[in-house]
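Remarks on the structure that follows.
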Amino acid sequence: MASSGQITAASAEVAGDSALRDRANYEIHILYIRQDFDICLKLIESQLTAYNNACEYPIYVKALIKRQKGEIQESLQLFQAATCLNPHNVANLKQVGRSLYLLGKHKPAIDVYEEAQRIGIDDWEIWHNKGLCFMYLKMYDKAIDCFRRANQIQRHDATFMQLGK
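So in full-length UniProt numbering, spot 137 of the sequence shown is number 137, and the numbers just go up one at a time.
Spelled out as structure tokens, the structure:
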């Protein structure tokens with residue numbers, strides 16, 4: 001059995017590691033919002049190497065950057081990797097759905113949005129994006145229903161504009 005000194009040392013190491021990871025995530029966030037993507041990606045790669053690709057936030061931000069650069073398929077794979085690390089994170093699922101939508105894979109996107117709805121709260125963005133998918137599938141009644149549900153949660157000009165179409 002380990003002594004209390006060993007347990008304390010192990011706890012301190014885990015806490016120190018967590019603090020380092022939090023600090024790196026903060027730096028990644030700052031670099032991302034400043035749109036300093038090259039340095040941000042270098043820091044992300046160093047974190048992924050240090051933690052054997054088991055870092056949800058760096059993967060998520062890398063996926064956002066890839067999508068912004070037009071690399072939609074790669075961003076989808078990265079968002080899926082982040083979802084594997086934390087399957088109950090609705091933000092990850094919403095991004096998987098968005099990437100599928102951008103790739104023209106509307107039915108799989110709807111499936112992902114429905115999964116996000118099962119594990120999360122009622123979310124305007126999910127209803128709105130499901131409505132967009134249904135529009136592209138020419139399922140207009142379902143699209144209208146989704147847009148109305150989105151507006152019941154929170155009114156947005158974008159949703160009203162889609163209803164006008």
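Glycine included, every Cβ here is placed at the ideal spot set by N, Cα and C.
Values in this document were obtained by computation on a predicted structure and should not be read as measured data.
Contact under 7 Å by Cβ, residue i with residue j
{"i": "G120", "j": "V90", "result": "yes"}
{"i": "C40", "j": "Q47", "result": "no"}
{"i": "I126", "j": "Q117", "result": "yes"}
{"i": "V112", "j": "L93", "result": "yes"}
{"i": "K62", "j": "I44", "result": "yes"}
{"i": "C133", "j": "H106", "result": "yes"}
{"i": "L78", "j": "I59", "result": "yes"}
{"i": "L100", "j": "P108", "result": "yes"}
{"i": "A150", "j": "H128", "result": "yes"}
Endpoints, alpha helix (DSSP H) assigned at residue i
{"i": "L103", "result": "It is not in any alpha helix (DSSP H) - L103 carries neither H nor E in the DSSP assignment."}
Residue i, DSSP secondary structure in three states
{"i": "Q68", "result": "helix"}
{"i": "D22", "result": "helix"}
{"i": "R155", "result": "coil"}
{"i": "Y55", "result": "The question names Tyr, but residue 55 is Cys in the sequence shown. C55 falls in the coil class under three-state DSSP."}
{"i": "Q35", "result": "coil"}
{"i": "N92", "result": "helix"}
{"i": "P108", "result": "helix"}
Threshold first: 4 residues or longer. Then list the alpha helix (DSSP H) segments lying entirely within the region 111-153, N to C.
Every unbroken stretch of the alpha helix (DSSP H) spanning 4 or more residues and falling wholly within the region 111-153 is given here in chain order: 124-136 and 140-153.
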